[in-house]
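**Student:** In my numbering, the protein residues as written are 202 to 295. Don't be surprised by glycine CBs; every beta carbon is placed ideally from N, CA and C. Below is one structure. I have some questions about it.
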């Protein structure tokens, strides 16, 4: 019985190796996709709220239709604006 287990474990070793190899690449690419999603959300917010920094913005009707997709980004912007970077910026209110 033990011999059979040894043979089975030796036969499955390459499969386990390939499976772990695949998992490593999968995790690496998932991290890249998450980073890309965050960057696209930032670009999306910049397009919608670009008039604050002097960029032309899309028509108002289109902006209102896209607002539901940007709610999470609004919360992130609010949290970043409340966070004090330094003591002086907290005093000035930047």
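Can you say whether residue 256 is buried or exposed, counting buried as having 16 or more other CB atoms within 10 angstroms of its CB?
**Tutor:** Its Cβ having fewer than 16 others within 10 Å, residue 256 is exposed.
**Student:** Which word fits residue 249, buried or exposed, when buried means at least 16 other C-beta atoms lie within 10 angstroms of its C-beta?
**Tutor:** With 16 or more Cβ atoms within 10 Å of its Cβ, residue 249 is classed as buried.
**Student:** Go ahead and pull the three-state DSSP assignment for residue 278.
**Tutor:** Helix.
**Student:** Express the C-alpha separation of residue 202 and residue 217 in angstroms, rounding to a whole number.
**Tutor:** Distance between the alpha carbons of residue 217 and residue 202 is about 22 Å.
**Student:** Using CA atoms only, rank isn't needed, just tell me which of 220, 264, 231 and 242 is closest to residue 278.
**Tutor:** Minimum Cα distance to residue 278 is reached at 242.
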